[in-house]
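Heads up: the protein sequence lines correspond to chains A and B, in order.
The first sequence runs 1 to 148 under my numbering.
The second sequence runs 1001 to 1350 under my numbering.
Single-structure report; data block below.
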Amino acid sequence: MAKSPRITRRSFADYLLGTGLVALAGTVLYPLARYLIPPKVKEVAAGSVVAAKVGDLQPNSGKVFLFGSKPAILIHTGQGTYKAFTAVCTHLACTVQYRGDIGHIWCACHDGHYDTISGQVLAGPPPRPLAEFGVTVKGNDIVVTRTA
Amino acid sequence: MHLGGWLEDRLRWRAADAFLRHKAVPIVRHGYVYYFGGITLFLFVVQVVTGLLLLMYYKPTAEAAHDSIRFITSKVQFGWLVRSVHSWAANLMVFWVFAHMFGAFFVGAYRRPREVTWISGTLLLFITMTFGFTGYLLPWNTLAYFATKVGTEIVGAVPLVGHGLLVLLRGGEDVTEATLNRFFGIHVAILPLLTTMLLGFHLFLVQLHGMSRPESRGPARSVAFVPNFVLREALIWVIGLGVLATLAVLLPWPVGERADPLAPAPAGIRPEWYFVFMFQTLKLIPPHVLGIEGERLGILAFMLAALVLLAVPLLEHDDRKTRARRIALALGIFAVLYMAGMTIVGYLVP
């Protein structure tokens, strides 16, 4: 005949102590884990920003400015027009720059090249083109706006 | 190869295991004082954990410090709890460090061969108070700002080196952001390092010598360290955690008003409660005593008291009821009454 499993006082006390300790560990660790999750900080969802004043930028040069919380780049092309793109490289998120000597946007981290007019990838590892922003000149201000 | 054997070859853990199995804690009258050190250790662990958590969001600049504490208490999930626990545990830790010190003092646990244990413990007490003093400023609120002004001014009254120390502590002539940066560095790097080393040494000595057994306190009975004492201590830690959580939740520690260096000091300003007995003493000393500035005299007296406290095991080292022992006991009782009395007076007198 098989022995029927018996609950002894000892095993019952052990069970209570064990579950109690697990519950205690849970009540301590749960707040700590939640604490480590960073609270959502409201992102400044800028729809438009004054990136520069007319005359700030020489033709064939660029300037990185803050659009919301991310960097963007304003380029005064050799033809005298203004273009604006996100300055976050689509490869590994370095900040890109405009190089007057080669006439297009360049990312120094892994030698990525982008076209100044369309933002398309010309060479290097970036998988996607840079997103473009709209540029309008209002009086003396060069205003960059989100297009999409 | 068997895991136990593999580890034994490398770590020699069986020696530690055997040591723990043979370790015993004496059963004596007033034996509860043996738990005070453990409670202090528990609160220190709480401080390390909550302190590391606060570091994730705290910003040590005059511009951002107060806002970052407000951010922690209002935006971060359970931030109010972590911050309140850190403040409450700090105060409780100071209390239990003193209780541990007086407990060890009154059972005479500082005698041969535990003199160095006493001295390291006294240094840990001073470090704990410095922890409190530097941590108090970090929220950059009005009370802390002026308490730091007064506290560092008192350091400045120390003869000869005072002004140099003041400039060193403040990072300049005034309490500014430089002071906040220094206190932050002291609070989160220098003191934890010193504490870890000294505390390790202190605990090592406690293991080396075992718990003291005063001959005057009953027959030689003892209780096994493992599991009996450890389980009792664990129970006390759980109760301690419960008390701490209850205090932190029901009486959340206030954040205070942001410090304004141009605003006048608010009325009723006083330091943290564990400095009140010194603060009150300095207030009561007349401006000039025997041609010496009263404040300077008070500071010299407290420095002397600190030295005496460090030197207790060298001044009194006989377990029999000698005159030195009676004087030591009388002084100890006087110290407790004086500190308690002055603290109460400090809170009652505006």
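Each residue gets a CB set at the ideal place from its N, CA and C atoms; glycine is no exception.
Enclosing alpha helix (DSSP H) for residue i [first to last residue]
i, result
"residue 1022 of chain B", "1013-1022"
"residue 31 of chain A", "9-36"
"residue 1204 of chain B", "1191-1209"
"residue 1047 of chain B", "1036-1055"
"residue 61 of chain A", "Taken as a continuous stretch (DSSP letters only), residue 61 of chain A belongs to no alpha helix (DSSP H), being part of the beta strand (DSSP E) at 61-67."
"residue 1115 of chain B", "1115-1137"
"residue 1149 of chain B", "1142-1156"
"residue 106 of chain A", "From DSSP, residue 106 of chain A is part of no alpha helix (DSSP H) but of the beta strand (DSSP E) over 104-107."
"residue 1187 of chain B", "No alpha helix (DSSP H) holds residue 1187 of chain B; DSSP gives it neither H nor E."
"residue 1230 of chain B", "1230-1250"
"residue 1083 of chain B", "1079-1106"
"residue 1406 of chain B", "Residue 1406 of chain B cannot be examined here, being either before or after the span of chain B that is shown, 1001 to 1350."
"residue 74 of chain A", "It is not in any alpha helix (DSSP H) - residue 74 of chain A instead sits in the beta strand (DSSP E) that spans 70-76."
"residue 99 of chain A", "Unbroken run through residue 99 of chain A is the beta strand (DSSP E), 97-99; no alpha helix (DSSP H)."
Exposure of residue i, with buried meaning 16 or more beta-carbon neighbours within 10 Å
i, result
"residue 136 of chain A", "exposed"
"residue 1163 of chain B", "exposed"
"residue 1128 of chain B", "buried"
"residue 110 of chain A", "exposed"
"residue 1148 of chain B", "buried"
"residue 1239 of chain B", "exposed"
"residue 1272 of chain B", "buried"
"residue 1341 of chain B", "exposed"
"residue 1274 of chain B", "buried"
"residue 1202 of chain B", "buried"
Range of the contiguous beta strand (DSSP E) that encloses residue i
i, result
"residue 1272 of chain B", "From DSSP, residue 1272 of chain B is part of no beta strand (DSSP E); its letter is neither H nor E."
"residue 145 of chain A", "141-145"
"residue 1347 of chain B", "Unbroken run through residue 1347 of chain B is the alpha helix (DSSP H), 1323-1348; no beta strand (DSSP E)."
"residue 1032 of chain B", "From DSSP, residue 1032 of chain B is part of no beta strand (DSSP E); its letter is neither H nor E."
"residue 112 of chain A", "112-114"
"residue 1176 of chain B", "Neither: residue 1176 of chain B is in no beta strand (DSSP E) and is coded neither H nor E."
"residue 1074 of chain B", "Unbroken run through residue 1074 of chain B is the alpha helix (DSSP H), 1065-1074; no beta strand (DSSP E)."
"residue 122 of chain A", "121-123"
"residue 1223 of chain B", "1221-1224"
Pick from the options that is closest to residue i, judged by C-alpha positions
i, options, result
"residue 1033 of chain B", "B/1059, B/1010, B/1107 and B/1041", "B/1107"
"residue 1187 of chain B", "B/1153, B/1137, B/1336 and B/1158", "B/1137"
"residue 1175 of chain B", "B/1026, B/1262, B/1047 and B/1092", "B/1262"
"residue 88 of chain A", "A/52, A/7, A/147 and A/128", "A/128"
"residue 1043 of chain B", "B/1002, B/1064, B/1090 and B/1147", "B/1090"
"residue 149 of chain A", "A/86, A/130 and A/13", "Nothing can be reported for residue 149 of chain A: it is not among the residues displayed for chain A, which extend from 1 to 148."
"residue 1232 of chain B", "B/1022, B/1031 and B/1349", "B/1031"
"residue 1028 of chain B", "B/1109, B/1081 and B/1099", "B/1109"
"residue 1098 of chain B", "B/1079, B/1075 and B/1041", "B/1041"
"residue 1294 of chain B", "B/1159, B/1083, B/1170 and B/1139", "B/1159"
"residue 1066 of chain B", "B/1019, B/1140, B/1045 and B/1081", "B/1140"
"residue 118 of chain A", "A/24, A/91 and A/77", "A/77"
"residue 146 of chain A", "A/93, A/94 and A/83", "A/83"
"residue 138 of chain A", "A/13, A/8, A/52 and A/14", "A/52"
Cα-Cα separation, residue i to residue j
i, j, result
"residue 56 of chain A", "residue 81 of chain A", "14 Å"
"residue 1338 of chain B", "residue 1279 of chain B", "13 Å"
"residue 1135 of chain B", "residue 1059 of chain B", "13 Å"
"residue 1286 of chain B", "residue 1300 of chain B", "15 Å"
"residue 1303 of chain B", "residue 1200 of chain B", "26 Å"
"residue 36 of chain A", "residue 1056 of chain B", "8 Å"
"residue 1094 of chain B", "residue 1125 of chain B", "8 Å"
"residue 1100 of chain B", "residue 1037 of chain B", "6 Å"
"residue 1011 of chain B", "residue 1145 of chain B", "50 Å"
"residue 60 of chain A", "residue 1076 of chain B", "46 Å"
"residue 1221 of chain B", "residue 1227 of chain B", "16 Å"
"residue 6 of chain A", "residue 22 of chain A", "24 Å"
"residue 1155 of chain B", "residue 1167 of chain B", "10 Å"
"residue 1259 of chain B", "residue 1327 of chain B", "46 Å"
"residue 1306 of chain B", "residue 1334 of chain B", "15 Å"
"residue 106 of chain A", "residue 46 of chain A", "25 Å"
"residue 101 of chain A", "residue 41 of chain A", "40 Å"
"residue 1298 of chain B", "residue 1288 of chain B", "11 Å"
"residue 1343 of chain B", "residue 1064 of chain B", "33 Å"
"residue 63 of chain A", "residue 1246 of chain B", "55 Å"
Whole-Å CB distance - residue i paired with residue j, under 8 Å assumed
i, j, result
"residue 1253 of chain B", "residue 1068 of chain B", "15 Å between Cβ atoms; not a contact."
"residue 73 of chain A", "residue 96 of chain A", "6 Å"
"residue 1205 of chain B", "residue 1120 of chain B", "7 Å"
"residue 1256 of chain B", "residue 1143 of chain B", "6 Å"
"residue 113 of chain A", "residue 103 of chain A", "About 10 Å; that fails the 8 Å criterion."
"residue 121 of chain A", "residue 133 of chain A", "Actually they are not in contact, since the Cβ atoms of residue 121 of chain A and residue 133 of chain A sit about 18 Å apart, beyond 8 Å."
"residue 1062 of chain B", "residue 1180 of chain B", "6 Å"
"residue 1024 of chain B", "residue 1223 of chain B", "7 Å"
"residue 1104 of chain B", "residue 1296 of chain B", "Going by Cβ atoms, the distance from residue 1104 of chain B to residue 1296 of chain B rounds to 32 Å, so no, they are not a contact pair."
"residue 116 of chain A", "residue 75 of chain A", "6 Å"
"residue 1123 of chain B", "residue 1208 of chain B", "So it is not a contact: roughly 18 Å between Cβ atoms."
The ligand ATP heavy atom lying under 7 Å from the CB of residue i
i, result
"residue 1171 of chain B", "Looking for the ligand ATP in the displayed structure turns up nothing, as the structure carries no ligands at all."
Inset, instruction - Pull out every residue of the segment 65-85 of chain A whose Cβ sits closer than 9 Å to any Cβ of chain D, in chain order. - result: Absent from the structure is chain D; the protein chains it does hold are A and B.
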